[in-house]
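Enquirer: Quick note: the sequence shown, position 45, residue 46 per this note's numbering, numbers continuous. Here a beta-carbon is modelled for each residue, glycine too, at the ideal position from N, C-alpha and C. Quantities reported herein were computed from a predicted structural model and do not represent experimental measurements.
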Amino acid sequence: MSDWIAFDRWTECVGLERPGYVFEVRNREGLTLQTACTVPLQLPADWKSAPVSFRLIEEPKPRHSAPIPTPLKRP
Numbered sequence: 002m003s004d005w006i007a008f009d010r011w012t013e014c015v016g017l018e019r020p021g022y023v024f025e026v027r028n029r030e031g032l033t034l035q036t037a038c039t040v041p042l043q044l045p046a047d048w049k050s051a052p053v054s055f056r057l058i059e060e061p062k063p064r065h066s067a068p069i070p071t072p073l074k075r076p
């Protein structure tokens with residue numbers, strides 16, 4: 002992982018992109034999101050404060066979800 006970078010430098014994310022890596026963005030409340038480099042960044046609706054920093058992290062490995070249960074038979 003890289004060091005945190007001030008969010009006012011977000012437009013530089015294009016030059017930092019690497020295959021197999023994503024950006025972790027953090028806001029003042031400590032909430033984080035993982036995203037690709039998109040300018041301007043679309044923030045989650047539940048974020049009450051603006052982003053303050055970002056860093057490049059290894060993309061998490063995909064994980065399988067549990068199978069969907071079969072429907073219950075109706076009487």
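1) Note down the Cα distance separating glutamate 30 from proline 72, rounded to an integer number of angstroms.
2) Buried or exposed: which applies to proline 52, given that a residue is buried once 16 or more other Cβ atoms fall within 10 Å of its Cβ?
3) Glutamate 13 by DSSP, collapsed to three states: which one?
4) Please determine, among Pro70, Ile58, Thr12, the residue with the shortest C-alpha to C-alpha distance to glycine 21.
5) Considering only C-alpha positions, which residue in the set Thr33, Arg64, Arg75, Cys38 is nearest to arginine 10?
6) Which residues in the same chain as valine 23 place their Cβ atom closer than 7 Å to its Cβ, once the five residues preceding and following it in sequence are excluded?
7) Less than 8 Å separating the beta-carbons of phenylalanine 8 and serine 50?
Expert: Concretely, from the data shown:
1) Taking the first residue of the sequence shown as position 1, residue 30 is located at position 29. Taking the first residue of the sequence shown as position 1, residue 72 is located at position 71. Approximately 41 Å, taken between the alpha carbons.
2) As a position in the sequence shown, residue 52 is number 51, starting the count at 1. Answer is buried; the Cβ neighbour count reaches 16.
3) The residue given as residue 13 occupies position 12 in the sequence shown. In the structure shown, glutamate 13 sits in a helix (DSSP, three-state: H, G or I).
4) Translated into the one-based positions of the sequence shown, residue 21 becomes position 20. Of the candidates Pro70, Ile58, Thr12, the one whose C-alpha sits nearest the C-alpha of glycine 21 is Ile58.
5) Against the sequence shown, residue 10 aligns to sequence position 9. Cα-wise, what sits closest to arginine 10 is Cys38.
6) Taking the sequence shown and counting its residues from 1, one reaches residue 23 at position 22. Within the same chain, valine 23 has close Cβ partners Gln35, Thr36, Ala37, Ile58, Glu60.
7) On the sequence shown, residue 8 is found 7 positions in, with the first residue counted as 1. On the sequence shown, residue 50 is found 49 positions in, with the first residue counted as 1. Contact: no.
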